[in-house]
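In the numbering used here, the protein residues as written are 89 to 604. Cβ atoms here follow ideal geometry from the backbone N, Cα and C, with glycine treated the same way. Data block below; observations after.
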Amino acid sequence: MKYPIGIQTFEEIITGGYSYVDKTDLVYKLIDSGKYYFLSRPRRFGKSLLTTTLEAYFQGRKELFKGLAMERLEKDWVEYPTFHLDFSGASYTAPEIINNKMEAYFSKWEEVYGKNPVEVGFENRFPGLLQRAFEKTGRKSVILIDEYDKPLTDAIGNYDLQEYYRGILQGVYGVLKNADKNIRFAFLTGVTRYGQLGIFSAANNPKDLSMSDEYATICGITENELHAYFDDEVQLFADKYSVSKSDMYAMLKRKYDGYHFTERSEDVYNPFGLLNALSDKKLLNYWFATGTPSYLAKILKKKSFDLSGLSNGIDASAISMASFGNGEENIIAALYQSGYLTIKAYDAFVDSYRLGFPNEEVADGFVKYLLVDYMCKGMDEYDADFIKLKRLISSDDVDAFMTQIQLIMSQVPFESNEPKLIEANFRNMLYLMIRSTGHKVSVEHPVLGGRIDVFFETEKYVYIIECKRDQSAQEALAQIDEKKYAKKISSADKHLVKIGVNFSTEERNLTEWAVG
């Protein structure tokens, strides 16, 4: 079987004989049901493939849909003028990058439909193009904009540059309202919805499909699709690992499944991770290997955000999940829309969603990625330190693993001078280090009458860690006894260890610990 690894174009997948999970019944329904749409999905989730599928359909490429649901559903194939603007594949670090990219598109289109010299600026040239396209073909145009938000996301932290991009994009997207009479269909994709930047206020109110029950599975691969299209490949995978086919399905599910884009959505697999795993017959973190947006770590480090909540689950409203603002305000939206959190449950009574990591790849990869960012150096430079930490924690050598934590912490550049933020970053770093060793760890672990600062278990031991800032380890240890935390932890078959820790704001590291 040929897997379309790195291939995001519908035409190339079909003509190249690559495996293709047929979504054209949903594509047809989308086209038949409305005119203006927006879809948010995480990176490498199939947005570009969906966009190029729409492009092939509106170009009248009937031959590409042979054997697919679209061939049965569509009776009248019509070719429309199609304007496909793709913002992926570039890093928008300077104004000329977006100008050059858009100029290349507009110049190509104007070679086909003509140019009016009095039209100055992309926001004026676009309506003129649509009008001339209608005059030349007698048909309205189709507008497809892939990764509309890429320039805005690349400019997070640079207010002036982001404002420049916002002005250009708002003008271009405004064509959806100003040239409505010449538009047959418009579809925009992106990772994030920048609600507060006014991008969509310029457009003709595209319908947001991001949390639509009908189109929840239009990108990604469902459990039924995995069985229908790749059952033989899963069997080969199982044979390689010397496990049953059902066990292999369970392993793939834990590693790559678990995305829900509505409260009623069936599970969706990350297609990039799943297809790479089936191709290589290895269970690796493929999605994370392609890179993680640096803006996420920047946001997290500027806020006193409890990273352990990502494992324990976070409550959020639909509004907080839907609008990203300027990238500095809404951590939940950034994490959800980027694919690091997904819907785990919904409480209709309070209209609240429970968010968490979708699968093992995201949970493990996110921890390792954040460690690298907190350390401000490549993970390969710290591999030996973390391997040693894992070995020491697994052997339950308390003084040795606390010394190792102190050593690693000494290499962390705590950039803020605000004591509370320094303390929050310390606690997050402590969580990340323990979590990276493969042990489940809880920060602010709730027990009757209080919360344990750090709680984790090994095969034989249970650890309760109480942290103090600019005090003493003995005071921290005394609080564990005062609050009777040890008596509130059920650990009949494990030995319980109490650790009091002091973190010095001045030294920005652990200065002492006491074991009880």
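Residue i - partner residues in DSSP beta bridges
i: G588; result: E554 and A602
i: V531; result: V542
i: N597; result: S592
i: D319; result: Answer is none; D319 lacks a bridge partner.
i: Y125; result: F275 and K295
i: H583; result: Y549
i: T310; result: V356
i: Y347; result: V356
i: L443; result: I402 and I431
Beta carbon of residue i nearer than 7 Å to that of residue j
i: R442; j: D403; result: yes
i: F489; j: I496; result: no
i: F543; j: I522; result: no
i: E605; j: R557; result: No information on residue 605 is available, as it lies outside the stretch 89 to 604 that the chain covers here.
i: Y236; j: G278; result: yes
i: I309; j: L362; result: yes
i: C307; j: L138; result: yes
i: F360; j: A304; result: no
i: L395; j: N293; result: no
i: T593; j: P507; result: yes
i: K478; j: T430; result: no
i: A144; j: E99; result: yes
i: F514; j: F591; result: yes
i: A267; j: L217; result: no
i: Y462; j: V500; result: yes
i: Y106; j: K90; result: yes
i: F445; j: L366; result: no
i: L459; j: L518; result: no
i: N364; j: Y344; result: no
i: K370; j: F325; result: no
i: D242; j: S179; result: yes
i: Y434; j: K295; result: no
i: V263; j: P215; result: yes
i: L297; j: L127; result: yes
i: V356; j: M336; result: no
i: M409; j: Y424; result: yes
i: V603; j: V531; result: no
i: K224; j: Y201; result: yes
i: G148; j: W165; result: yes
i: F133; j: Y168; result: no
Cβ separation of residue i and residue j, assumed to be a contact under 8 Å, to the nearest whole Å
i: L384; j: S330; result: Not quite, the Cβ-Cβ distance comes to about 38 Å (not below 8 Å), so this is no contact.
i: N270; j: F222; result: 5 Å
i: T141; j: T112; result: 7 Å
i: R227; j: R272; result: 7 Å
i: A566; j: V589; result: Not really, about 13 Å apart at Cβ, beyond 8 Å.
i: I102; j: L152; result: 5 Å
i: R596; j: I475; result: In fact, because the Cβ distance is near 24 Å, the residues do not count as touching under 8 Å.
i: S387; j: A421; result: As written in the sequence, residue 387 is Ile, which differs from the Ser given in the question. Not quite, the Cβ-Cβ distance comes to about 10 Å (not below 8 Å), so this is no contact.
beta-carbon residue i near the ligand NAP non-hydrogen atom, thresh 6 Å
i: P359; result: This structure simply doesn't include the ligand NAP, nor any ligand for that matter.
Check your understanding: Of all the beta strand (DSSP E) runs that stay within the bounds of the segment 353-441, which reach a length of 3 or more residues?
Key -> 402-404 and 430-435
**Study point:** At least three beta-carbon pairs within less than 8 Å, the segment 172-189 to the segment 227-239
**Key:** yes
Practice item. Please go through the segment 212-293 and give each complete alpha helix (DSSP H) segment of 4 or more residues, from N-terminal end onward. Key: 238-242, 247-261 and 263-266
Review point. Are at least three pairs of beta-carbons, each pair with one atom in the segment 563-581 and one in the segment 533-552, less than 8 Å apart?
Key: yes
Review point. Which runs of the alpha helix (DSSP H), 4 residues or longer, sit entirely within the segment 139-219?
Key: 157-161 and 183-201
Check your understanding: Touch check for the segment 114-133 and the segment 149-161: three-plus C-beta pairs under 8 Å?
Key -> The segment 114-133 vs the segment 149-161: in contact.
Practice item. Decide yes or no for the touch test of the segment 583-596 against the segment 549-568: beta carbon pairs closer than 8 Å, at least 3 of them. Key: yes
Exercise for review: Spell out a yes or no on whether the segment 253-262 and the segment 200-213 are touching, meaning 3 or more CB-CB pairs, one atom from each, closer than 8 Å.
Suggested key: yes
Check your understanding: Quick one: complete alpha helix (DSSP H) runs, 4+ long, within the segment 494-528?
Key -> List check, alpha helix (DSSP H) in window: 507-524.
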